[in-house]
Amino acid sequence: MERIESKTHLPELSLPVPLDKEQLDPLSKVKTVHIQCLWDNLILHNETSGPPMYILYRETQPTSPLIKALLTDQAQLNKNVIQQIISAIRCNDLATPLKRLANERHKLKSNGVERSHSFYRDILFLALTVIGRSNVDLATFHREYASVFDKLTERECNMYYRNQDLPPSASTIFCRAYFRPLLLP
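Note that the sequence shown covers residues 1 to 185 in UniProt numbering.
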């Protein structure tokens with residue numbers, strides 16, 4: 001129970017070993033088990049919505065301008081858009097990335113691509129990847145993100161944003177403060 005730094009009774013809850021050695025599970029011979037809690041599960045991202053921004057940022061670019069021009073994928077965000085979002089994040093501006101992502105989602109939707117990633121998670125994970133976990137204050141990030149949403153009109157919210165794009169609830173923020181920080185894959 002490393003995540004909350006508390007004592008655990010999990011070893012006492014383990015099932016007894018069967019007497020027949022042939023029925024023994026091969027994993028039961030393992031002396032230690034390592035469980036890693038992550039922010040994101042890469043397996044959950046389907047092909048139609050494309051990878052999240054932090055994964056796109058990590059991908060290497062082709063060096064040839066001709067190859068770059070030929071490989072323009074209209075089903076995912078452009079590297080230039082991601083760079084603009086990174087620049088805004090570095091300037092402590094979350095309004096620009098939110099509006100830019102809303103416009104890009106709208107453009108992709110008109111091309112038949114349904115990008116389903118939460119803006120909050122997409123921007124946060126990109127910031128954690130680019131700027132580094134130690135340089136991102138999650139409480140400040142949440143507060144700034146929530147203040148941007150407070151300034152949006154109802155029409156803007158209904159037209160461009162989904163429920164998953166809303167800032168996390170107070171209970172989510174409390175759990176984030178109580179538990180140890182999660183890692184990105």
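Positions of the beta carbon are idealized from the N, C-alpha and C atoms, including for glycine. Remember, predicted model here, so these are calculated numbers, not experimental data.
Per the DSSP calculation, residue i is bridged to which residue(s)?
| i | result |
| --- | --- |
| L38 | L183 |
In terms of residue numbering, what span does the alpha helix (DSSP H) encompassing residue i cover?
| i | result |
| --- | --- |
| P97 | 95–110 |
| Q164 | Where Q164 is concerned, there is no enclosing alpha helix (DSSP H), given that its DSSP letter is neither H nor E. |
| T140 | 138–151 |
| V81 | 79–90 |
| S171 | 170–178 |
| V130 | 119–130 |
| R58 | 53–58 |
Among the options, which residue has its Cα nearest to the Cα of residue i?
| i | options | result |
| --- | --- | --- |
| M53 | M159, A127, Y178, R162 | A127 |
| E156 | I89, I85, R100 | R100 |
| R176 | R162, F141, L152, D150 | F141 |
| R90 | L77, D137, K109 | D137 |
| D93 | Y57, Q164, Y145, Y120 | Y145 |
When burial is assigned at 16 or more other CB atoms within 10 Å of the CB, is residue i buried or exposed?
| i | result |
| --- | --- |
| H106 | exposed |
| P185 | exposed |
| L38 | exposed |
| P167 | buried |
| I131 | exposed |
| D122 | buried |
| L183 | exposed |
| F125 | buried |
| R133 | exposed |
| R162 | exposed |
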